[in-house]
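Before any comments, here is the structure.
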Amino acid sequence: MEQMDDATLQAFMDGDYFGDNPARDALDRHSEAFYALAQAEDLIALNSAWLRAHPQLVVLSIAQMQAEVERRAAALPDRLARVAAALENEPRYMKPIRRLCADRGHYYLLDLDGAARMHDADSHALVAQIAAPTES
C-alpha cells in the first residue's frame, strides 16, 4: 500500500472488491507471497528470535510494565487535559461501549432507537441497557 499513489489508493477504497480491481490484485500478490513464505518458514519462530535478539529489548514482569506505563503517563505534564479532550471528542459509538464495558464475559452491543443494550453472547440475554440518544 505504501507504493500506491493517492489516486490508486482512493480508487481501491472506493471500488468494489469483486470484479475488475487491479489494486486489489496487486495487494493479493503480496498476500500470496506472504502465505507461501509462511508455509516454508515458521514466521512466529523467526519473529520471536528477532525480538529476543533485539539490542534494546527489556524484559519486564507485569508489575514492572504497569509501573513503567504509570511512570510514562505521569511524565506528561498535560495528560489530564489530553485525556479530557480525547473523551470529549471521541466518536459517539464509543460512549455507550465505554459505559457498558465489562471485564469478564463475552457480550455484544445493540445501539438502536436511542438505547444501547448489552447482551450475553451465548444466551443472548439482556445484561444491561442505557439511554444512548443520538448526537446532533
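Counting with our numbering, you get residues 32 to 167 for the letters of the sequence shown.
For glycine and all other residues, C-beta sits at the position ideal for the given N, C-alpha and C.
Hey, how far is the Cα of Leu111 from the Cα of Gln95?
Whole-angstrom Cα-Cα distance: 23 Å.
CA-CA distance, Ser92 and Ala98?
When rounded, the distance between both Cα atoms is 10 Å.
Out of curiosity, what's the CA-to-CA distance linking Ala76 and Ala64?
So the two alpha carbons sit approximately 18 Å from each other.
Is it true that the CB of His137 sits closer than 7 Å to the CB of Ala147?
Taking 7 Å as the Cβ cut-off, Ala147 and His137 do not qualify as a contacting pair.
How far does the alpha helix (DSSP H) with Arg103 in it reach, from first residue to last?
From DSSP, the alpha helix (DSSP H) with Arg103 extends over 93–105.
So within the segment 59–143, which uninterrupted alpha helix (DSSP H) runs reach at least 4 residues, ignoring any that extend past its ends?
List check, alpha helix (DSSP H) in window: 74–84, 93–105, 110–119, 125–131.
Please report the Cβ distance between Ala159 and Leu131, rounded to the nearest whole angstrom; I am assuming they are in contact, meaning their Cβ atoms lie under 8 Å.
Going by Cβ atoms, the distance from Ala159 to Leu131 rounds to 6 Å, so yes, they are a contact pair.
Any idea what DSSP makes of Ala38, helix, strand or coil?
Looking at Ala38 - three-state DSSP - the assignment turns out to be helix.
Roughly how many angstroms separate the alpha carbons of Thr165 and Leu141, rounded to a whole number?
Near 14 Å, if we compare the C-alpha coordinates of Leu141 and Thr165.
Where does Ala163 fall in DSSP's three states?
Of the three classes helix, strand and coil, the one that applies to Ala163 here is coil, per DSSP.
Using DSSP bridges, identify the partner residues of His150.
Answer by DSSP bridge pairing, in chain order: Tyr139, Leu157.
Measuring CA to CA, which of Leu74, Asp59, Ser154, Ile161 is closest to Lys126?
Checking every option, the nearest Cα to that of Lys126 belongs to Ile161.
Using a Cβ-Cβ cut-off of 6 Å (strictly less than) and excluding sequence neighbours within five positions of Met149, which residues of its own chain qualify?
The answer, listed in chain order, is Leu131, Tyr138, Leu140, Val158, Ala159.
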